[in-house]
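Read the structure below first, then the notes.
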Amino acid sequence: MKYLRAALARLAGFLTGHRRDDELRAELESHLEMETAENLRRGMQPDEARRRALIASGGLGRAAEAVRDQRGLPWVDGLAADIRYALRALRRTPAFTAVVVITLGLGIGANTAIFSVVRGVLLKPLPHRDGDRLVYIRHSMDGPGGANVAFSVPEVRDFRDGAK
Amino acid sequence: MPEKFDVKQGTLALMILRTLDVLGPLHGYGVARRIEETSKNRITLNYGTLYPALLKLEQEGFIKAEWSQSENNRRAKFYALTASGRKQLAREARDWNRTADLIAAFLAPRRESQ
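From first to last, the protein sequence lines are chains A and B. Residue 26 in my numbering sits at position 22 of the first sequence; the count goes up by one each step and never skips. Residue 874 in my numbering sits at position 83 of the second sequence; the count goes up by one each step and never skips.
Pasting the structure below:
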């Protein structure tokens, strides 16, 4: 339940989080102001008070970045950035891109073609009822025209009855 | 200068929940100050540690956040414990005490030796 809720919140943050950047900045800024005010109260000069508060904060930009990582789905952001980077790199080197595309295209095409044949010949059952019980019969004799002699219908019936 | 610890994973959440339980609704600055004071300044929280932890607790539904006026008329975002946060605090405190007892038993000085 806790995880589901957190995951949904993160998804929502990923989709709409950028709208909350101003709010985040205001929150961090208000923290900084309170810390500065406290430093002033302790008797520091205004510049020094602000400077000390900034040092203690560890950097507002870094904090905002850490919150953004927690808010959204940083791996999706990272993935999108990687894809953009890859596309840009490919556009810069068209010859390399062409070689890669052709190699992949031929490779995938050849595999698809071979698999189609293997599937049709070896893997797919014959398109008949009881395709695995279908047999091919043939007989031959010496002499011209004897390589594949046809069977008469009664002969085929005899074979069929005998095969049971 | 007292020795500094790194805040261990998961313990910061417990400290925040407990702080909000004791002090009621509080802004990030107040939470940080309280945690630093309670730890006698052995812990210092920078914003990059505190705010992601607050957001995570909010995402899990243990605290809720609301902008309002602070004691000296500054606008600040106040965090408050929710009912499920109160339950989570009780659960985590109990687990933590058990773990601490267990480890203490293992680390106790050996009585049988010498």
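Just so you know, even glycine gets a beta-carbon here, dropped at the ideal spot from N, CA and C.
Three-way DSSP call (helix, strand, coil) for residue i in this model
{"i": "VAL813(B)", "result": "helix"}
{"i": "LYS6(A)", "result": "helix"}
{"i": "HIS22(A)", "result": "helix"}
{"i": "ILE854(B)", "result": "strand"}
{"i": "PHE869(B)", "result": "strand"}
{"i": "SER156(A)", "result": "coil"}
{"i": "GLN860(B)", "result": "strand"}
{"i": "HIS35(A)", "result": "helix"}
Status (buried if at least 16 other CB within 10 Å, exposed otherwise) for residue i
{"i": "ARG164(A)", "result": "exposed"}
{"i": "GLU850(B)", "result": "According to the sequence as given, residue 850(B) is Gln; it is not Glu. The residue is buried, with at least 16 neighbouring Cβ atoms inside 10 Å."}
{"i": "ILE854(B)", "result": "buried"}
{"i": "ARG46(A)", "result": "exposed"}
{"i": "GLY876(B)", "result": "buried"}
{"i": "TYR906(B)", "result": "The requested residue 906(B) does not occur in the structure, where chain B is confined to residues 792 to 905."}
{"i": "ALA70(A)", "result": "buried"}
C-alpha gap between residue i and residue j, whole angstroms
{"i": "THR40(A)", "j": "GLN74(A)", "result": "27 Å"}
{"i": "LEU19(A)", "j": "ALA60(A)", "result": "32 Å"}
{"i": "LEU872(B)", "j": "GLY852(B)", "result": "9 Å"}
{"i": "ALA151(A)", "j": "ARG161(A)", "result": "22 Å"}
{"i": "THR835(B)", "j": "ASN863(B)", "result": "24 Å"}
{"i": "LEU83(A)", "j": "GLY109(A)", "result": "24 Å"}
{"i": "THR866(B)", "j": "THR101(A)", "result": "The sequence shown places Arg at residue 866(B), not Thr. The alpha-carbon atoms of ARG866(B) and THR101(A) are separated by roughly 55 Å."}
{"i": "ARG9(A)", "j": "ARG882(B)", "result": "18 Å"}
Beta-carbon gap between residue i and residue j smaller than 9 Å
{"i": "VAL80(A)", "j": "LEU94(A)", "result": "no"}
{"i": "ASN43(A)", "j": "ARG56(A)", "result": "yes"}
{"i": "LEU848(B)", "j": "TYR820(B)", "result": "no"}
{"i": "THR810(B)", "j": "ARG825(B)", "result": "yes"}
{"i": "VAL139(A)", "j": "MET145(A)", "result": "no"}
{"i": "ARG29(A)", "j": "GLY76(A)", "result": "no"}
{"i": "TYR842(B)", "j": "GLU33(A)", "result": "no"}
What residues from the segment 36-53 of chain A come within 9 Å of chain B, judged by C-beta to C-beta, listed N to C? LEU36, GLU37, MET38, GLU39, ALA41, GLU42
Can you list, in chain order, the residues of the segment 5-21 of chain A whose Cβ is nearer than 7 Å to any Cβ on chain B? LYS6, ARG9, ALA10, ALA13, ARG14
Mind listing which residues of the segment 66-98 of chain A have their C-beta closer than 8 Å to chain B's C-betas, in chain order? ARG66, ALA67, GLU69, ALA70, VAL71, ASP73, GLN74, ARG75
Interface positions of the segment 838-851 of chain B facing chain A (Cβ-Cβ less than 7 Å), listed along the chain: Result list: TYR838, GLY839, TYR842, PRO843, LEU846, LYS847, GLN850, GLU851.
At a CB distance below 7 Å, what residues from the segment 857-891 of chain B approach chain A? Give them in sequence order. ARG865, ARG866, ALA867, LYS868
Closer than 9 Å, Cβ to any Cβ of chain A: which residues of the segment 808-823 of chain B, in chain order? HIS818, GLY819, TYR820, GLY821, ALA823
Please name the residues in the segment 114-143 of chain A whose beta-carbon is closer than 8 Å to at least one beta-carbon of chain B, in chain order. none
Output needed in chain order: residues of the segment 21-33 of chain A with a Cβ under 7 Å from some Cβ in chain B. GLU31, LEU32
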